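Heads up, the thing below is written out as structure tokens.
In my numbering, the protein residues as written are 3 to 256.
This is the structure in structure tokens:
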């Protein structure tokens, strides 16, 4: 099951939060533009790797992904979304059956309860439609700021910064936007990333962290920004060849 595309092209960047003070960065504006220019060449159309068919299934998938891998969530939700791709169908399925579908995911009992609760709220409060504002999204059980930002970006084409473990690690490791909390990192990234690259930035950073700047050992030899990186941990100053990567593949592997 491939993710349904909800947009034809990247929209203009959403308004940023007002900065109370300039953000100090180890990187110059020229360096910041060059970092994201290279990411844009490497992955012109980066995509989230959680499989979904509509905004509702995206909300559910992202909520289920807390403390779980995208691959693990996808494996569980392929069958679930075939029978329940709307909040009404999810309610008809019921909490017990939802648990059976997602039992391979960590914290599945509490997550099943949240899936049913958020489905009920969507039906009763939002007419079965996923809301398009962060303030309304975070009202849904099991949906926090990160989940809301992912939905706003992937389902509704808004420029947001969903700070997961990968982005939080990279922002601090390479000194791009160091912060003690995800909210602090989000705020700093939103204020330093060049406007023309903001829409795709969170996917570029997530994928860079997942496949290159890994938690246990960053693969600096495969990094396209190795010469620009200011991490004290880096092991190479020579950037990898700047070439477009193969398209992302979704769905079960043979």
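Each residue gets a CB set at the ideal place from its N, CA and C atoms; glycine is no exception.
Quick caveat: nothing in here was measured; it's all calculated off a predicted structure.
* Beta-carbon spacing of residue 168, residue 227 below 8 Å -> no
* Leaving out the 5 sequence neighbours to the left and right, which residues in its chain are closer than 7 Å to residue 239 when beta-carbon positions are compared? -> 228 and 229
* Between the CA atoms of residue 224 and residue 213 - distance to the nearest angstrom -> 9 Å
* Asked: Starting from residue 191 and walking both ways along the alpha helix (DSSP H), at which residues does that stretch end?
  -> 184 to 194
* Which of helix, strand or coil DSSP assigns to residue 121 -> helix
* Are the beta-carbon atoms of residue 52 and residue 30 separated by less than 8 Å? -> no
* Which of helix, strand or coil does DSSP assign to residue 227? -> coil
* **Residue of 177, 193, 194 and 173 minimising C-alpha distance to residue 184** => 173
* To do: State buried or exposed for residue 50, treating a residue as buried only when at least 16 other CB atoms are found within 10 Å of its CB.
  => buried
* Tell me whether residue 179 is buried or exposed, calling it buried when 16 or more other Cβ atoms sit within 10 Å of its Cβ. => buried
* Specify the secondary structure class of residue 166 as computed by DSSP and reduced to three states. => coil
* Would you mind stating whether residue 97 and residue 115 have Cβ atoms separated by less than 8 Å? => yes
* **Residues near residue 95 by beta carbon distance below 7 Å, same chain, minus five either side** => 85 and 86
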